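Report on the following structure.
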Amino acid sequence: RVTLNVGGQKHETYVSTLASVPDTRLAWIAERSMKDPRPLAQRREFFFDRNPSIFTHVLNYYRTGKLHCPRDVCGPLFEEELAFWGIDEKQIETCCWAKYDEHRDAEEKLQGFTKIKVGEDYSDEEDDDDMGEREITSSGEFYQNSRTLATRSRTSLKSLKKKIWKTLDDPYSSKLARVLGFVSLIFSVAVVAVFCLLTLDVFRDELSIQYRVLFVIEAVSVTWFTLDLVLRFLSCPIKCDFLKCLHNWVDLIAIIPFYLVLIFPHNRTIRNFNVFYVLRLTRTFRPLKFSYVMQVFTQTLKASSRELYFLIFILGILVITYGSVAYFAERDEEDTLFTSIPASFWWAVVTMTTVGYGDMRPRTLAGKLVGSVCAISGVLMIALPVSVVASNFSLYNSYAKVKLKLPARNKKNV
C-alpha cells in the first residue's frame, strides 16, 4: 500500500491501483514505491499541496477507470488539477463532458462582447522621444529648441486627430459625441423624410416654396454628412481600415446622388439614384454597435447560422416541390394563375410563410390538398429553428449581463 497526503487529507490505496494509468504523476509514484527496498512501515507518505476534494475524483479514476467531473467545481480549476496529475481531459466521461466544457464556451462567448473600433491604433508617443535629445546644451540650444517645437506640434496635431476620431466614431465617448450623434440621427431621418415627401404632388413643383424648403433641408443634411465623412477619414489613424469598413462606403454612396443631381439637374435617370438616400437609415445603427443589445442580437445570429442556413435550404426545396405539384394540379383550369412552375413558386412561398395574399389560390381538390400540406409543413419548418434562435438569444443575453457586471481586474495584483 501507499499513503498520499493531499492538502491535509490522507488517502491510502494500493500501488497496483496507481499503476493502472501509466504516464501519470501517480503512476510514477507507484514505480518509485515498487523500487523502494524499505519495509512498508518505514516508508514515508507522499504529500501534495493540492485540492483534496478534487483529488478524491482523481483517485476514483484510478480505481474504477472512469473519470467524472464534480458538479460543484469550476471547469478551469478541474482542468488545472488534471494537468497537474498528468491525466488527459479526453478521459472524462460523456455524462460530465458538457459540464466540464462549459467554461470554455462561456469564455468564448464573453470575448464576443467587446468594443471593436475601426482604426483604433493611436498610442501615446508623445513621451517616446529620446530623453537625451531634450537636454539643451550651450552648443546646440537653437537646434534642440527647434526639434522640441516640431515634436510638440506633431503631438498636438495627433492629439487633436485622436479627439476628433473618438468623438465622431464613438457616440458614447463624451457629451459632445452624444450631441453630434443625436444631430446625425436627426439629419439621417430628415433626409429620408425629404426623399419620401418629394414623391407627393404638393412637393413635385420645383418652383414652389414647399419644394425649396425640402431642398434646403436636404442640402444641409448632405453637407453635414459630407463633413462627417471627410473628418472621420482625415482623423482615422489607419486609412486602410477606414476604407475596408462597409459603413463608410454606405455613407459615401448615400451622399453621391445629391451632388450628381446638382451637376446634372435635368437628367431624369440620375434622379432615380436618390433611392440610395434610404441607406442613410443605416446610420441609426451606428450608436448601437457599442450596445450590448445589438451585440447579443449579432452573436445570436452567428450562433444560429447553421439552423438558419438549413431552414433556407429546406424551404427552397419545399418551394420547388409544392410549386411544381401545384402547377400540374391547376394548369388545366380555365383562367388559372398557375401559368408556369416559376410563377407557382410565389404561391408556395406565400403559403409556407402563412402570409396568404390571396392573389393566387388553387381551385381544384388536388390543388387545395397540396396547399394544405404546404401550409402545415411551412409552419412546422419555420417553428423548429425559431426555438433554437430564441434559446441562443436567451443564452447570449445572460452572458451579456455577466459581462456588464464583471468588475475590472487590478493588473497590479495579478
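Position 118 of the sequence shown, counted from 1, bears residue number 118 in UniProt numbering, the numbering being contiguous throughout.
The beta carbon of each residue, even a glycine, is placed where N, CA and C say it ideally should be.
Note that this is a predicted model, so its numbers are computed, not measured.
Exposed unless 16 or more other CB atoms sit within 10 angstroms - verdict on residue i
| i | result |
| --- | --- |
| PHE264 | exposed |
| ASN392 | buried |
| ILE54 | buried |
| ILE376 | exposed |
| GLU330 | buried |
| VAL325 | buried |
| ASP127 | Because ASP127 carries a pLDDT of 42, less than 50, the predicted location of this residue cannot be relied on, and the following value inherits that uncertainty. Counting Cβ neighbours within 10 Å, ASP127 comes out exposed, since fewer than 16 surround it. |
| ASP335 | exposed |
| ILE238 | exposed |
| PRO257 | buried |
| SER398 | exposed |
| LEU262 | exposed |
| TYR259 | exposed |
| TRP249 | exposed |
| PHE313 | exposed |
| PHE242 | buried |
| TRP97 | exposed |
| PRO76 | exposed |
| TYR357 | exposed |
| VAL350 | buried |
| VAL183 | exposed |
| GLY65 | exposed |
| THR269 | exposed |
| SER188 | buried |
| TYR309 | exposed |
| LEU82 | buried |
Three-way DSSP call (helix, strand, coil) for residue i in this model
| i | result |
| --- | --- |
| VAL73 | coil |
| ILE92 | strand |
| TYR143 | Caution applies to TYR143, whose pLDDT of 46 falls short of 50 and renders its modelled position unreliable; the value that the coordinates give is listed next. In the structure shown, TYR143 sits in a helix (DSSP, three-state: H, G or I). |
| PHE84 | helix |
| ILE256 | helix |
| GLU334 | coil |
| ARG361 | coil |
| LEU200 | coil |
| ILE376 | helix |
| HIS247 | helix |
| HIS57 | helix |
| ASN392 | helix |
| HIS103 | helix |
| TYR62 | helix |
| HIS229 | Correcting the residue type first, residue 229 is Leu in the shown sequence and not His. Three-state result, LEU229: helix. |
| THR167 | helix |
| VAL213 | helix |
| PRO342 | helix |
| SER324 | helix |
| VAL355 | coil |
| PHE182 | helix |
| PHE310 | helix |
| TYR399 | helix |
| VAL21 | coil |
| PHE242 | helix |
| GLU206 | coil |
| PHE273 | helix |
Cβ pair residue i, residue j closer than 8 Å
| i | j | result |
| --- | --- | --- |
| ASN51 | GLY8 | no |
| SER304 | VAL379 | no |
| ILE217 | ALA190 | yes |
| LEU59 | HIS103 | no |
| VAL222 | ILE255 | yes |
| VAL319 | ALA343 | no |
| GLN23 | GLY86 | According to the sequence provided, residue 23 is Asp. The question's Gln does not apply to it. A contact, by the Cβ cut-off of 8 Å. |
| GLU89 | GLU79 | yes |
| TYR396 | GLN299 | yes |
| LEU214 | PHE203 | yes |
| LEU311 | MET352 | no |
| ILE317 | SER235 | no |
| ARG1 | THR13 | yes |
| CYS374 | TYR322 | yes |
| MET360 | LEU337 | yes |
| LEU67 | GLU93 | yes |
| MET34 | VAL15 | yes |
| THR17 | ARG63 | yes |
| LEU227 | ASP251 | no |
| VAL370 | PRO362 | yes |
| LEU197 | LEU180 | no |
| PHE276 | ILE253 | yes |
| ILE29 | PHE47 | no |
Residues bridged to residue i (per DSSP)
| i | result |
| --- | --- |
| THR13 | VAL2 |
| LEU67 | ILE92 |
| PHE48 | VAL6 |
is_contact[residue i, chain D] using C-beta, thresh 8 Å
| i | result |
| --- | --- |
| VAL192 | In summary, chain D is missing from the structure at hand, where a single protein chain is found. |
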